[in-house]
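J.: Quick note: the sequence shown uses the working numbering, first residue 89, plus one each step. Take this structure first; my questions come after.
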Amino acid sequence: MAHEHNHEQSDENTEIHQAMDHQHMNHEHMEHEMTGMDMNERDMPAMDHDMANMQMPEMDHSSHSMHMNHGDMDMMEHGGHMMHMGNMRQKLVVALILTVPIILMSPMMGLDTPFMLSDIPFQPWLVMTFGAIILLYGGSPFYQGAWGELQAKKPAMMTLIAMGITVAFGYSLYGTIYNAMHPHAMIMSFMWELATLIDIMLVGHIIEMQAIMRAGSAVDALTELIPDVAHMQMATMVHDVPVGSLKEHDQVLVKENERIPLDGTILEGSPALDESLLTGEAVLVQKKPGDDVVGGSLNGNSAFTMTVAKTASEGFVSQVKQMVTKAQSNKSAVETKADRVAGWLFYAAISIALVALIVWSALKGVGYAMPIVITVLIIACPHALGLAVPLVIARLTGISAKNGLLIQNRTALEHINKIKYAVLDKTGTLTEGVFKVQQVLTTDGFDESEAVGIMAALETGSSHPLASGVLKYVAEKQIEVPTAEQITGIPGAGVSGVVNGIKYSLLSRAAVNDMHLTEIVKIKGYTMSYLVKNDTEVLAAIAQGDQIKPEAHDLVKYLQSENIVTIMATGDNDSVAHEVGQKLGIDVITADLKPADKLNMMHEYKKNGGVMFIGDGVNDGPSLAAADLSIAIGSGTDVAVSVADVVLMRSNPIDVIALLKIARRSNAKITQNLWWGAGYNVIALPLAAGILIPFGFTLSPMVGAIVMSLSTVIVAINAMLLRLKN
């Protein structure tokens, strides 16, 4: 039944009405591009425990990037070349096996060890053969990575490693040949050092990859929500087919206790579904024919038939996966800095190595200088630097996902410590964004439940936001609704009908005044509707309006405690804006703003410091894009979600606090890891070059490898210590 309500309400009613109508669009708005999702209050205010346990590692370093698949097909990219986790382990096993005879047959730093074997036929050549196998097989990942770096004209870590092991092998081969031709010569072999260096490097890579994978894979976890097989219904037959082969309009049978394969619409059956992946609420939702269902939801104990609305590549879970992929592909400025540091180390190592080679060759000969050169190259390898930033980012995105935060652009989080202003939208951000019954008032002697029941009877069949509020209220309160007859919409005033032989009208405040009837009361900040009997007597009034989110108070207090100025920016009228803003204690309240006004205001604040914007509407899009850090409410529009740096999947403003805390801690961890990964070179490189040799201290290649590998372990442990604390 269509009828008009012209109840007294704010200028923001149009926006709220649109939001309410939006809620009844049967999830159509969930169709979105990979850069954004539209998740309204009914669609995705939270991530449930299934999704909360996911962590989203993201890693796209020029020399280190991770893509994790099922089983042993985990791979790591170095300089554009992919390495399988299984291959890495296999290379390590082979290298370790061959290292044993090398240790038993070759001197360490030119000195015989107590356990060293001798008088084995062709011993030097056996050592060289085993060393060559280790170099070519175990060292191949480093050569592949170095080739990729050189092709990109960005020599860094892998180039240094490749250079170090090549120099060690080349000099050892030279020494072996020379010693064979000159039996009394004593040119030192570095096969012992070469083998153990490659072993340590392979172990470091495996530790790195395993540490990253411990964060978990959101893509894998999301994929597991969708079954592999669906029961496709064809005429009277049911065939099991791969979910990926389903097309729009295909009919599928979903059996008891199975997950729904794809997004669709119920044809037959009335199942109770666990939609916790969508809503975060682990409660069963009763469905009926015509209702939309989301792929990945869990069916209860009632089978039903559905028609497919979206294919596997278009559905809800697929869109979340695409958002994760987008988040993983971004490259932050901090990582660019790490790349630059690695490049500087490369050139520094080459320069220092050349100087050391020239100086020590001139003083004590090439044989004495080569171990020093190799040590310089080993020490300078920024293996830990390559791990320092990506592992913190992987940990950050994992923890954020567990706390309902989807990071789409991690670069923006680097501005956390510069934020001076927090601009907050009102409707949908600080408030619920939907009309709800806030209070019911009646005249003396008239029962409240009876009054609301009559109101609901008059509103039956209406899709108006105010009607929806009344109908939801009686459903929640389990109030009995009588039957209304002769329901008629009153243009610009409300609705009327006959209940139990008596004429009742539900009218706006303006209509009541026009009829010269006495109002019961007006509640400031809410839209009032009045129940009138026989056009002569006001029996009751119902107040509906947007409600402040309980967590909004905590957010405003926290921001102010961090010396961040809070600003409300809303298109609503000034009186409503101040009503909400004053209740929350917001510092600056601005109202009646158009999108351009919000954007101009943003630019003005940015002149004086970093600006964070939190919003959810289409009108917030420009401001979100312009902000130093933009945060979208998960239940907002496609535009807001697609341009935001971070999406609050639970649509809860309190999650902003968690975001600020974890972002600050992650920035601190990145700084610490950069120092651990590269800072030690300030001391280590001069030592490796032999600056203290005149004082009796020599830093060997083996010690250099150990120091470098220890720094890798340290940054990995430091990253894994990142926590979100209260």
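Yeah, the Cβ is synthetic: ideal placement off N, Cα and C, and Gly gets one too.
1) What separation, rounded to the nearest whole angstrom, lies between the Cα atoms of D380 and T395?
2) Taking buried to mean at least 16 other C-beta atoms within 10 Å of its own C-beta, is L282 buried or exposed?
3) Using only alpha-carbon positions, find the residue among V569, A500, T531 that is nearest to N755.
4) Going by DSSP, which residues form a beta bridge with Y618?
5) Assuming contact is defined by CB atoms lying nearer than 8 angstroms, are V586 and E573 in contact in what I supplied?
6) Does DSSP put R347 in a helix, in a strand, or in coil?
7) Would you give the residue range spanned by the alpha helix (DSSP H) that K645 belongs to?
8) With 16 other CB atoms within 10 Å as the buried threshold, where does R811 fall?
9) Below 8 angstroms on the Cβ atoms is my guess for A400 versus G332; work out the distance and round it to an integer in Å.
10) Since A715 and M737 should fall inside the 8 angstroms C-beta cutoff, what is the C-beta to C-beta distance between them, to a whole number of angstroms?
11) Under the assumption that S593 contacts G577 (Cβ atoms under 8 angstroms), give the Cβ distance between them as a whole number of angstroms.
12) From the DSSP output, which residues share a beta bridge with P710?
13) Could you tell me if S358 is buried or exposed, where buried requires 16 or more neighbouring beta carbons within 10 angstroms of its beta carbon?
14) What are the start and end residues of the beta strand (DSSP E) that includes T53?
15) So, under 8 angstroms CB-CB, L361 and S385 are touching, yes? Tell me the CB distance rounded to an integer number of Å.
16) Please report how far the alpha carbon of L350 lies from the alpha carbon of L687, in whole angstroms.
17) Check for me: the alpha helix (DSSP H) holding A766 runs from which residue to which?
18) Find the nearest neighbour of F404 within the set L313, A640, S584, judged by alpha-carbon distance.
19) Is it a yes or a no for the region 754 to 772 touching the region 510 to 528, going by three-plus beta-carbon pairs under 8 angstroms?
20) Classify L780 as helix, strand or coil using the three-state DSSP reduction.
21) Is it the case that the region 621 to 635 contacts the region 526 to 540, given that we only count it when at least three CB pairs across the two stretches are under 8 angstroms?
22) Apart from the five residues on each side of it in sequence, which residues of its chain come closer than 7 angstroms, Cβ to Cβ, to Q211?
23) Is it a yes or a no for the region 432 to 444 touching the region 452 to 471, going by three-plus beta-carbon pairs under 8 angstroms?
24) Measure the C-alpha to C-alpha separation of G784 and A250 and round it to an integer number of angstroms.
25) Out of D287, A268, I652, I636, which one is the CA nearest neighbour of A665?
26) For V429, count neighbouring C-beta atoms within 10 Å of its own C-beta (all shown protein chains included) and say buried if the count is 16 or more, exposed if not.
27) In the structure shown, what three-state DSSP assignment does L809 receive?
28) Who does L736 pair with in a DSSP beta bridge?
29) If you run the structure through DSSP and keep just helix, strand and coil, what is T264?
30) Do you know whose CA, among S799, L223, M246, I750, lies nearest K490's CA?
31) Rounded to whole angstroms, how far is the Cβ of V317 from the Cβ of L341, which I believe are closer than 8 angstroms?
32) Evaluate contact between the region 604 to 624 and the region 638 to 647, counting only Cβ atoms and requiring at least three cross-stretch pairs below 8 angstroms.
33) Would you please state the rounded distance, in angstroms, between the beta carbons of A545 and V569? I believe it to be under 8 angstroms.
34) I674: which of V653, D662, E692 sits nearest, CA to CA?
35) Distance, Cα to Cα, S390 vs K375?
36) Measure from the alpha carbon of Y456 to the alpha carbon of each residue in A713, G263, T187, Y768, then state which is nearest.
T.: This is what the structure holds:
1) 10 angstroms
2) buried
3) A500
4) L595, A629
5) yes
6) strand
7) 638 to 649
8) exposed
9) 5 angstroms
10) In fact, because the Cβ distance is near 19 angstroms, the residues do not count as touching under 8 angstroms.
11) Actually they do not touch by this definition, with Cβ atoms about 11 angstroms apart.
12) According to DSSP, which records beta bridges pairwise, P710 is partnered with nothing at all.
13) exposed
14) Given a span of 89 to 814 for the chain in the structure shown, any question on residue 53 remains unanswerable.
15) 5 angstroms
16) 39 angstroms
17) Neither: A766 is in no alpha helix (DSSP H) and is coded neither H nor E.
18) L313
19) no
20) coil
21) yes
22) M193
23) yes
24) 30 angstroms
25) I636
26) buried
27) coil
28) L493, I721
29) helix
30) I750
31) The Cβ separation is near 12 angstroms, so there is no contact.
32) no
33) 5 angstroms
34) V653
35) 11 angstroms
36) G263
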